[in-house]
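Below is one structure, written out as structure tokens; comments come after it.
Protein chains: 2
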Amino acid sequence: MNKKTNNSPIDWADKLNEFNKRCRQQGLKITPQRIAIYKELSMSRKHPTATDIYTKIRSEYPNISLGTVNSSLLAFAERGVIIIIGASGDPKRFEGNLDPHDHFRCIECHKITDIPQNKHKKIDIPKKLKAKYLVMGKQVLFEGKCDKCR
Amino acid sequence: MNKKTNNSPIDWADKLNEFNKRCRQQGLKITPQRIAIYKELSMSRKHPTATDIYTKIRSEYPNISLGTVNSSLLAFAERGVIIIIGASGDPKRFEGNLDPHDHFRCIECHKITDIPQNKHKKIDIPKKLKAKYLVMGKQVLFEGKCDKCR
DNA sequence: ATGTTTGCAAATAGTTTGCATCCAG
DNA sequence: CTGGATGCAAACTATTTGCAAACAT
Numbered sequence: 016m017n018k019k020t021n022n023s024p025i026d027w028a029d030k031l032n033e034f035n036k037r038c039r040q041q042g043l044k045i046t047p048q049r050i051a052i053y054k055e056l057s058m059s060r061k062h063p064t065a066t067d068i069y070t071k072i073r074s075e076y077p078n079i080s081l082g083t084v085n086s087s088l089l090a091f092a093e094r095g096v097i098i099i100i101g102a103s104g105d106p107k108r109f110e111g112n113l114d115p116h117d118h119f120r121c122i123e124c125h126k127i128t129d130i131p132q133n134k135h136k137k138i139d140i141p142k143k144l145k146a147k148y149l150v151m152g153k154q155v156l157f158e159g160k161c162d163k164c165r
Numbered sequence: 016m017n018k019k020t021n022n023s024p025i026d027w028a029d030k031l032n033e034f035n036k037r038c039r040q041q042g043l044k045i046t047p048q049r050i051a052i053y054k055e056l057s058m059s060r061k062h063p064t065a066t067d068i069y070t071k072i073r074s075e076y077p078n079i080s081l082g083t084v085n086s087s088l089l090a091f092a093e094r095g096v097i098i099i100i101g102a103s104g105d106p107k108r109f110e111g112n113l114d115p116h117d118h119f120r121c122i123e124c125h126k127i128t129d130i131p132q133n134k135h136k137k138i139d140i141p142k143k144l145k146a147k148y149l150v151m152g153k154q155v156l157f158e159g160k161c162d163k164c165r
């Protein structure tokens, strides 16, 4: 499509490097399973749940467990290697793409789509907030009905 | 504190009117339970879960059920009488305050605080989004650690 | 060598569903 | 009257926990 062609081995090599670096920085051990989990996540633009990733990975690692997938994803998210998105009540959805962008969620089919940040790049963190809290992230979530559901 | 004194009977009468009007417009039946649910929600600045509200209301309506509280809240949210906020994986949190504002969520204690919209009032909906989707709402969620947890 | 991670299983939490009864409009 | 709402219980889905064995550093 456009310059952001996924699945290119070069992209993946880059991402893997970045991933390894971040893990080491954060004291997270790098295991084949974790690499597979991260690969599955970062190759997907679909904001998979832990179960989604678990299902996909089972073909490659037949005896990985959902618990492992879940705890790995949580460990990543805790250290900022990935992020968690979506709306409350939904299962957790993970996102490997750390470039700032927004999301659109269909209230009917619950699908989440990436939305590039248009103008408003700089919503940024109100000073009052920074004074009182340690602000580590920001998410903008649009909700409504997607083309298929409306 | 300041002009937004909660719990004032006048505030509540206003809100109740508004609530009744909206319910009628939307074809939702008004029952004592629903009024109690909405009252509990709109009097609270704490973004309660269904269970929170259920627990509180039981003193007044000892045989209301969690299912009823939940389905009422969902019915309200579906029709825009209230909104659902929070992050995925968390239990749903409800919010009766429809004035546009943002939220801060502590990733440790999961508490959610209202954040007034500072400057950036106008993030508003990218045209491309509007073209493709039916956008019904927008949420800005800051995440990090609150004063108590950091 | 050592402390983290894995895999498994069980426990917990939260949400949703089905159905008979009831009540607001 | 009638369709939506209630209350109860059971089913489901997702997440978390505990522990012994395996492995990355």
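Chains as they are written, first to last, in the numbering used here: chain U, 16 to 165; chain G, 16 to 165. Glycine residues also receive a C-beta, built at the ideal position from the N, C-alpha and C atoms.
Secondary structure at residue i, three-state DSSP: helix, strand or coil?
i	result
Q48/G	helix
C121/U	strand
K142/U	helix
K36/U	helix
L31/U	helix
Q132/G	coil
P24/G	helix
E55/G	helix
Write down the C-beta distance between residue i and residue j rounded to the nearest angstrom, noting that I regard them as a contact closer than 8 angstroms.
i	j	result
G104/G	M151/U	Not a contact, Cβ separation roughly 17 angstroms.
V84/U	I68/U	6 angstroms
D117/G	I130/G	4 angstroms
I47/G	L56/G	What sits at residue 47/G in the sequence shown is Pro, not Ile. With 8 angstroms as the limit, P47/G and L56/G do not qualify as a contact, their Cβ atoms being about 15 angstroms apart.
I99/G	R108/G	7 angstroms
E75/U	A51/U	6 angstroms
L88/U	A65/U	6 angstroms
L43/U	R94/U	6 angstroms
L156/U	L156/G	7 angstroms
R165/U	L149/G	5 angstroms
Terminal residues of the continuous beta strand (DSSP E) containing residue i?
i	result
I72/U	Not the beta strand (DSSP E): I72/U falls in the alpha helix (DSSP H), residues 65-72.
V96/U	Looking at the DSSP string, V96/U is not in any beta strand (DSSP E), and its letter there is neither H nor E.
G159/G	149-160
E174/U	What the structure shows of chain U is the stretch from 16 to 165, and residue 174/U is not part of that stretch, so it cannot be assessed.
Taking residue i as part of the alpha helix (DSSP H), name the residues at either end of that continuous run.
i	result
L81/G	81-93
Determine which residues share a DSSP beta bridge with residue i and list them.
i	result
I100/G	R108/G
I127/U	R120/U
Under 8 angstroms: does the beta carbon of residue i sit that close to some heavy atom of the ligand SAH?
i	result
H62/G	Inclusion of the ligand SAH in the displayed structure is not the case, the ligand content being empty and no account of it being possible.
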